[in-house]
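Protein chains in written order, with numbering that gives the first Met the number 0: chain L, 0 to 372; chain B, 0 to 281. Only one structure is covered here, and it is reproduced in the block below.
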Amino acid sequence: METVTLKVFRFDPEKDKIPYYRDYEVPVEGTLLNALLYIKENLDPTISFRAFCRSEVCGSCSVRVNGKTKLACKTPMKELVKTWKGKPLRIDPLNHMKVIRDLVVDIDKPIEKMKTLIPWLVPDPRVVPSDPRHESIIYPEEMELYKDQIHCMLCFSCYSACEAVEDNERYRGPFAFSKAYRFQVDRRDIETAKEKRIRYSISGGLWSCVQCQKCIHVCPKGVKPAEDIQNLRGQAVKKGFTDKPGAKKLKHYVDWIYATGQINRLYLPEEVYGNKEARKKLTEEYERMGIEVWEVPKPTKGLMKFRDIYLEILSREDKALELDFSHVRKIDKMVSDIFKADICTIVDRAHQNNRKSKGLIGKLKGLLGGSDD
Amino acid sequence: MIKVGFYQGCCFQGQDAHMFETMKEVFRMIDVELELLEETTCCGGNTIDEENRKLSYAINARNIALAEAKGLDMLISCNTCYMVIAKAKNALDNNKKLRDEINELLKEEGLEYRGTNKIYHLLDFFRDVVGYDRIRKAVKRPLKGWKVGAYYGCHVLYPKHTAIDDGDNPSSLQEVLKALGAEVIDDYEAKDTCCGYHAFFTDKTMTMKKLNRILGSVKKAGVDIVATPCPLCFKSFDIYQLQMENPPMVPSAFLPELMAYAFGLDKRKSGLGHHLIEVKKE
Ligand code: SF4
Ligand code: SF4
Ligand code: FES
C-alpha cells in the first residue's frame with residue numbers, strides 16, 4: 000500500500016514548553032481527514048484535531064498542509080501527494096489563532112471580530128411585517144445577490160490564509176466582510192444598519208485588504224470575500240466616505256480611464272496623497288537614466304467610442320462614483336496642451352497612416368511601437 | 000514564427016515605454032512575433048470593479064474582442080491584468096445574458112466578444128506555447144552564478160479558476176529561470192507573501208510591511224536578485240522599496256528583462272540598467 004509521512008504539529012500547553020512535530024506514516028487513501036483519523040485510531044490516540052460532519056458542512060476540520068490552508072475532509076490524499084511530489088506533508092493548525100492543543104485552535108477572536116460588523120438582519124419595519132404569522136417574501140433575483148455568501152460555514156480557512164489579517168491586528172477577516180455584505184444587499188435590512196456596517200467595516204480594515212485573492216482561493220464553499228470587499232468599498236464611497244486614500248484612488252481610476260483609456264501613475268501620488276513631489280522626482284529619476292517620460296498616457300484610437308461604452312454602462316448601473324467631468328476636462332486640456340490639438344484631433348491624427356508625422360505626434364507613434372521613421 | 004496579440008496594459012506606456020521594444024526583441028529571439036493590440040485600454044486594475052463590476056467586464060470584453068478581431072490569442076504580461084481579464088472572460092463565457100448585453104454596446108465600434116481566442120500570461124505562454132527548450136536555445140549569456148529568488152506574485156496563482164499554475168506548489172517560473180542558467184532559490188520563508196502593490200494607495204503601511212517580509216526573507220536566503228513575472232510586483236520591489244524606513248536595497252527584475260540579458264542584450268537595453276535599485280551582478 001502506498002504511504003506518505005505526515006509531520007504533525009503537536010503542542011499541549013499544559014505539558015509542552017514548545018511545540019514539536021511528530022512523524023506518522025499514513026496510507027495514501029481517502030481524504031486528509033481519513034489520514035488524521037487513521038493516526039488517532041491506529042498510531043497515536045493522543046493527537047487532537049477537530050472534525051465532525053466529514054462531508055464539508057460543519058467547517059471544523061481546516062488545517063494547513065505545507066503552509067497551505069485545506070479543509071481536511073475535502074482534500075484527497077492522492078491530490079496532496081501529487082502536488083508535493085511524495086514529499087512529507089507538514090500538518091499545522093490554522094494560522095492567526097491561538098493553539099488550544101495540537102491542531103485545535105481558538106476561534107473566539109475571529110468570531111468576536113465578525114460580530115462587530117453586525118452579521119445579522121436588522122429588520123426594516125416597512126418591509127418586514129411585524130406580525131410573525133406574515134411572511135416576508137424574498138424574490139429569486141434578490142437571492143441572486145447573496146447566494147454564494149450564505150454558504151459560509153465559518154471554517155476560518157480564509158482567516159488563516161489572509162494577508163491583511165497577518166499584518167493588521169484590527170482586520171476583521173475575509174469571511175466577516177462577506178457576512179456583512181450579505182446583509183448590505185438584503186432588502187429587508189434597515190438603512191441605518193447598513194450605514195453602521197460600512198462605518199464599522201472601514202474601522203475594521205476595509206481598505207487594508209491587499210486583494211491577494213487567497214481568500215477566494217482557499218474557500219471550500221465558493222464564497223468570494225475579496226470581491227465582497229470590493230463591493231463594500233464601492234458602497235462606502237457611494238455613501239460618502241470619500242476621505243480615505245482608497246476612495247481617492249478609485250476616483251483617479253474612474254476619471255482617468257474614462258478620459259484617456261489609462262490610469263496615470265505619475266499623477267496618482269498627487270491625487271491620492273497630495274504628494275506633488277513624487278511626479279517630479281520620478282520624472283527626474285527616469286530622465287537621468289535617459290528615459291523620456293510622458294505626462295499623459297497615449298490616447299487610444301477607439302477612445303471616443305470607448306467613452307460611449309463606459310458612459311452607457313455607468314448610466315445603467317449602480318455605481319460608487321459619478322464621473323467628475325470637470326476633472327475629465329482638465330485631463331483633456333493637459334492632453335491637448337502637450338499634443339497641441341484637441342483630444343479628438345489627436346486621436347484621429349495619431350493613428351492616421353502618416354509615416355511622415357513629425358515632432359510630438361511622431362514621438363507618440365514611436366511610443367506605440369509602430370515604426371515611424 | 001508564432002504570432003500573438005500583445006496586451007500592454009498600463010505597464011508599457013509613459014515612463015516604461017522602452018520596455019515594449021525590449022519585449023519585442025526578446026520574443027523575436029524565441030520565434031514569437033508580438034503584435035501590439037494598440038486600441039486596448041487599461042483593464043481597470045482590479046479597482047474599477049469597486050465602481051461597478053459590469054464596467055470591468057465591458058472594458059475587458061472590448062479588450063479581448065480587439066484581439067479576436069485580428070484572429071489572435073492574447074498575451075498579457077501583468078499578473079493583475081491577466082487575472083482581471085481572465086475573470087471577465089470567465090463571466091462572459093458563462094453568462095449569455097451578460098455577453099449579449101455587452102456585445103450590443105461593442106457593436107457601435109464594430110466589435111464582438113465571441114470567446115473564440117485564448118488569453119495567456121507570460122508563464123503559461125512560455126510553458127505551453129514556446130516551450131522551455133526554445134528559451135534554453137536562445138540563451139547566449141547564461142546567468143551562471145546568479146542566485147535568483149523566484150517570486151510569482153498572487154494573481155497568477157489565485158484564485159483557482161483563473162490560475163495558470165498550481166497555487167500550492169507552482170513550477171513554471173523556476174523552469175524559465177533554470178532555462179536561463181540561473182541558480183533558483185524558491186524556498187525562502189516569504190515566497191507566498193503578497194507584494195502589497197495594490198495596497199499602496201489604499202493602506203500604505205500594509206505595502207511596507209509586506210515588502211519588509213519579502214525582501215528581508217530573500218536577503219536572508221542570500222539571493223543576488225528577485226525575479227518576478229509581474230511588472231507590478233517589480234514596481235513594488237524597485238520603487239516602493241525605497242520608501243521603506245531602512246531599505247534593504249535588494250535588486251529585482253521583471254522576468255523578460257532577465258531573459259533579455261541572458262539572450263545577450265546589454266544591461267541598458269535589457270532594462271536591467273534602468274532600475275532605481277541598481278543591478279550590479281554581471
Ligand atoms: S484578498 Fe484581502 S481579504 Fe482576501 S485574503 Fe487577501 S488580503 Fe485577505
Ligand atoms: S468564507 Fe469560505 S473559507 Fe472563509 S470561513 Fe466562510 S466558508 Fe470558510
Ligand atoms: S469535518 Fe465537517 S467540514 Fe470537514
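Positions of the beta carbon are idealized from the N, C-alpha and C atoms, including for glycine. The structure presented is a predicted model; accordingly, all values stated were derived computationally and were not measured.
Whether residue i touches residue j by CB criterion (8 Å)
i, j, result
"Leu320 (chain L)", "Leu231 (chain L)", "no"
"Cys151 (chain L)", "Lys178 (chain L)", "yes"
"Gly180 (chain B)", "Leu142 (chain B)", "yes"
"Lys213 (chain L)", "Cys77 (chain B)", "no"
"Gly166 (chain B)", "Leu156 (chain B)", "yes"
"Phe155 (chain L)", "Arg61 (chain B)", "no"
"Gly263 (chain B)", "Arg140 (chain B)", "yes"
"Val175 (chain B)", "Leu254 (chain B)", "yes"
"Val209 (chain L)", "Cys10 (chain B)", "no"
"Ile84 (chain B)", "Ile63 (chain B)", "yes"
"Asp91 (chain L)", "Val62 (chain L)", "yes"
"Leu105 (chain B)", "Leu97 (chain B)", "no"
"Phe5 (chain B)", "Val271 (chain L)", "no"
"Val184 (chain L)", "Tyr138 (chain L)", "no"
"Leu42 (chain L)", "Val64 (chain L)", "no"
Residue i Cβ short of 7 Å to ligand 1 heavy atom set
i, result
"Val155 (chain B)", "no"
"Gln212 (chain L)", "yes"
"Cys72 (chain L)", "no"
"Pro224 (chain L)", "yes"
"Pro173 (chain L)", "yes"
"Val83 (chain B)", "no"
"Cys208 (chain L)", "yes"
"Ile228 (chain L)", "yes"
Any non-hydrogen atom of ligand 3 closer than 7 Å to residue i Cβ
i, result
"Glu58 (chain L)", "It should be noted that the sequence gives Gly, not Glu, for residue 58 (chain L). Yes; taking the cut-off as 7 Å, the Cβ of Gly58 (chain L) has a heavy atom of ligand 3 nearer than that."
"Leu37 (chain B)", "The question names Leu, but residue 37 (chain B) is Glu in the sequence shown. No, the Cβ of Glu37 (chain B) stays beyond 7 Å of every heavy atom of ligand 3."
"Ala50 (chain L)", "yes"
"Leu32 (chain L)", "yes"
"Glu55 (chain L)", "yes"
Near ligand 2: residue i beta-carbon under 7 Å from a heavy atom
i, result
"Met152 (chain L)", "yes"
"Cys157 (chain L)", "yes"
"Lys6 (chain L)", "no"
"Lys220 (chain L)", "yes"
"Val217 (chain L)", "yes"
"Ser177 (chain L)", "yes"
Per-residue burial, residue i [other beta carbons within 10 Å of its own, 16 or more giving buried]
i, result
"Asn93 (chain B)", "exposed"
"Val222 (chain B)", "buried"
"Met22 (chain B)", "buried"
"Gln148 (chain L)", "buried"
"Phe182 (chain L)", "buried"
"Phe48 (chain L)", "buried"
"Asp372 (chain L)", "Annotation note: pLDDT 30 at Asp372 (chain L) (below 50); position unreliable, no value reported."
"Met18 (chain B)", "buried"
"Trp255 (chain L)", "buried"
"Lys111 (chain L)", "It is worth fixing the name first, because residue 111 (chain L) is Glu in this sequence and not Lys. Label assigned to Glu111 (chain L): exposed."
"Trp119 (chain L)", "exposed"
"Arg171 (chain L)", "buried"
"Leu5 (chain L)", "buried"
"Pro298 (chain L)", "buried"
"Asp191 (chain B)", "buried"
"Val249 (chain B)", "buried"
"Tyr19 (chain L)", "exposed"
"His133 (chain L)", "exposed"
"Lys242 (chain B)", "For the record, residue 242 (chain B) in the displayed sequence is Gln; it is not Lys. It counts as exposed."
Cβ-heavy atom distance, residue i to ligand 4, below 7 Å
i, result
"Cys161 (chain L)", "Questions concerning ligand 4 fall outside what the structure shown contains, since the ligands it does hold are ligand 1, ligand 2 and ligand 3."
Inter-residue CB distance, residue i and residue j (contact presumed, cutoff 8 Å)
i, j, result
"Tyr37 (chain L)", "Val27 (chain L)", "At roughly 11 Å, the Cβ-Cβ gap does not stay under 8 Å, so Tyr37 (chain L) and Val27 (chain L) are not in contact."
"Tyr239 (chain B)", "Leu210 (chain B)", "6 Å"
"Leu172 (chain B)", "Leu122 (chain B)", "6 Å"
"Asn167 (chain L)", "Ser207 (chain L)", "5 Å"
"Leu271 (chain B)", "Glu256 (chain B)", "5 Å"
"Glu165 (chain L)", "His216 (chain L)", "Incorrect: roughly 15 Å between the Cβ atoms, too far for contact."
"Val295 (chain L)", "Val334 (chain L)", "5 Å"
"Leu32 (chain B)", "Lys2 (chain B)", "First, the residue type needs correcting, since residue 32 (chain B) is Glu and not Leu in the sequence shown. Contact holds; Cβ gap of about 5 Å."
"Gly195 (chain B)", "Ser235 (chain B)", "6 Å"
"Asp82 (chain B)", "Thr161 (chain B)", "Per the sequence shown, the amino acid found at residue 82 (chain B) is Met instead of Asp. Their Cβ separation, rounded to whole angstroms, is 5 Å, which keeps Met82 (chain B) and Thr161 (chain B) in contact under 8 Å."
"Phe124 (chain B)", "Ile134 (chain B)", "Their Cβ separation, rounded to whole angstroms, is 11 Å, which puts Phe124 (chain B) and Ile134 (chain B) out of contact at 8 Å."
"Lys88 (chain B)", "Ile118 (chain B)", "6 Å"
"Gly114 (chain B)", "Thr79 (chain B)", "With 8 Å as the limit, Gly114 (chain B) and Thr79 (chain B) do not qualify as a contact, their Cβ atoms being about 22 Å apart."
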